[in-house]
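For the sequence shown, our numbering begins at 476 and goes up steadily by one.
The C-beta atom is built at its ideal place from N, Cα and C for all residues, glycine as well.
Beneath this line is the structure, given in structure tokens, with notes to follow.
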Amino acid sequence: MPCILGIETSCDETSAAIVTGSVSHPTMQSLVILSQDVHRLFGGVVPEIASRQHLTGIVPTVQGALDQAGVTLGDLDAIAVTHAPGLVGALLVGTSYAKALGFGSDVPVVAVHHLEGHLFATLLEHPDASPPFTALLVSGGHTLLLDVPAWGTYQLLGQTRDDAAGEAFDKVAKLLGLPYPGGRPLELLAQTIEASTRRFVKPMVRASAVPGDDDYYDLSFSGLKTAVLLAVRAAEKDGTLDAARADIARAFQDALVGTLTEKVERAVRQFRRTRIVLGGGVACNAALQQAIRTRVERRGATVYAPSPRLATDNAAMIAAAGLFRFEAGERISPSLTAQASLSLPGLTPVRTPPSPS
Ligand code: KG4
Ligand code: ZN
């Protein structure tokens, strides 16, 4: 049973975890996440500060994960580290540390793509969340709809043309005076009312779109963000912003959730997968989970979503994806370096899909 140390430093979380088991049943033995709250002061992640905090946090975080799991470096079969995509200075801390630790302790190192990690996060809590499935990855930096026939084979159905879903939450939250990161505070604000009195147009849900059209699966959130900006400005002018904040938050969330739900249902109709896996920080959103469940369960599909601790950035998901890459025989070369952007390995444009039912 392989024992993998995962290391994640792609953004503002320094994290390490131990995962054992098999690709189909990875078991989390420990997880340490050191969140960098300092970025709240700036309303967003400051890359240089993130790198420096990873530097001070990485050694105790890794030691904490080893101690919590009751293992030593000698027990490790591999070290899995996020090498892309993300903030390059932040990624460099994790990749350099993993390479040095692997070299110094004679443990092989495998490189993990951050988004593949998010796909594996749900499996740590739900053993049935394995391929084939439809996946919706909604994080601060990415928004992708995928068909996943097998681990390592990712057919891209659609992605955002501009802002990621989490980015839209964060920017709208900022407009509403909420702290960073804004997804959870915005969700809580939206929950304070039963329903919104206004409607924002759901982006990219043209009813006449058919499979093969660019906008059938693609997403876009910048227009919705602009609609919120205009609503905020109008309310400011009228002096009604305080009263309107929850209403605007709810209407924004309804529109974004409505679009994502429609796209997931289209994929379920077309590919007839019975499992839907949600991943990334926005997957914690209860309204999103509920809306997708309601729409696809009547088609006999089950929705699997990670708990908030595993939905947001963490090293357990990197270790789980690393286990898959390790078992596939992958090892890094000494020249491995961090990459700010890199497409998911195994990502292909969708092949001719079956017709919708
Ligand atoms: O996956 P993640 O931790 O980091 C990236 O890889 O980007 O996602 C962070 C994003 C942030 O934009 C945050 O506002 C959003 O996930 N988020 C949420 C919720 N919790 C976190 N968005 C909506 N509702 C939530 N409950
Ligand atoms: Zn992430």
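Give a single yes or no on whether residue i has its beta carbon closer than 8 Å to a heavy atom of the ligand KG4.
i	result
G549	no
A586	no
F517	no
F644	yes
H475	This structure cannot speak to residue 475, because the chain is shown only from 476 to 832.
R673	no
G756	yes
S816	no
S614	yes
H593	yes
P654	no
R659	yes
A610	no
E662	yes
G569	no
For residue i and residue j, what's the separation of their Cα atoms in angstroms?
i	j	result
D693	F578	43 Å
P535	S490	10 Å
I508	T787	10 Å
V703	H514	24 Å
L480	P809	18 Å
L785	M792	7 Å
T547	E805	23 Å
A758	A776	17 Å
R681	Y691	8 Å
E711	I668	20 Å
V587	L566	11 Å
L817	V563	11 Å
G821	G627	5 Å
S697	G641	12 Å
V623	L699	29 Å
M503	Q543	11 Å
A706	G658	19 Å
T823	D689	15 Å
K649	L661	9 Å
Hey, is residue i close to the ligand ZN, as in C-beta under 8 Å from one of its heavy atoms?
i	result
C759	no
H589	yes
S485	yes
V529	At residue 529 the sequence reads His, which differs from the Val that was named. No, Cβ of H529 sits at least 8 Å from all heavy atoms of the ligand ZN.
S490	no
H601	no
T597	no
T787	yes
H514	no
Quick check: residue i and residue j, are their CB atoms within less than 9 Å of each other?
i	j	result
F608	I751	yes
V441	D487	Here the chain comprises residues numbered 476 to 832, so residue 441 is not present and cannot be evaluated.
F644	P656	yes
G755	H617	yes
L612	V739	no
V647	F727	yes
A730	V676	yes
L753	Q764	yes
A794	V494	yes
L590	L798	no
R673	D722	yes
A559	A790	no
L631	V825	yes
A670	R725	yes
A780	T597	yes
G561	A813	yes
Which residue marks the beginning of the alpha helix (DSSP H) containing residue i, and which one marks its end?
i	result
A835	The structure shown does not extend to residue 835, since the chain spans only 476 to 832, so no value can be given for it.
D713	S697 to D713
P535	P522 to A544
Q504	Segment P501 to S510 is the beta strand (DSSP E) holding Q504; no alpha helix (DSSP H) there.
Y655	Premise fails: Y655 is in no alpha helix (DSSP H) and is neither H nor E.
L566	V563 to S580
G518	That residue, G518, is in no alpha helix (DSSP H); it is neither H nor E in DSSP.
V647	A640 to L650
Ends of the beta strand (DSSP E) at residue i?
i	result
I554	A553 to A559
L661	L661 -> not in any beta strand (DSSP E); alpha helix (DSSP H) instead, spanning G658 to A665.
R750	R750 to G754
V779	Just to set this straight, residue 779 is Tyr in the shown sequence, not Val. Residues T777 to Y779.
T734	Unbroken run through T734 is the alpha helix (DSSP H), L716 to F746; no beta strand (DSSP E).
V587	V584 to H588
L684	Correcting the residue identity first, residue 684 is Ala in this sequence and not Leu. Per DSSP, A684 belongs to no beta strand (DSSP E) and is neither H nor E.
G481	C478 to E483
T618	T618 to A625
D801	Looking at the sequence shown, residue 801 is not Asp but Phe. Run containing F801: none in the beta strand (DSSP E); it sits in the alpha helix (DSSP H), A790 to E802.
A610	F608 to V613
Is residue i near the ligand MN, going by C-beta to nearest heavy atom under 8 Å?
i	result
P783	Among the ligands present in this structure, namely the ligand KG4 and the ligand ZN, the ligand MN is not found.
Sufficient close CB pairs (3 or more, under 8 Å) joining the stretch 558-573 to the stretch 523-542: At 8 Å Cβ cutoff, the stretches touch.
For the stretch 542-556 against the stretch 763-771, do three or more pairs of beta-carbon atoms, one drawn from each stretch, fall closer than 8 Å, so that the two count as touching? Taking 8 Å as the limit for Cβ pairs, the verdict is that the stretch 763-771 does not touch the stretch 542-556.
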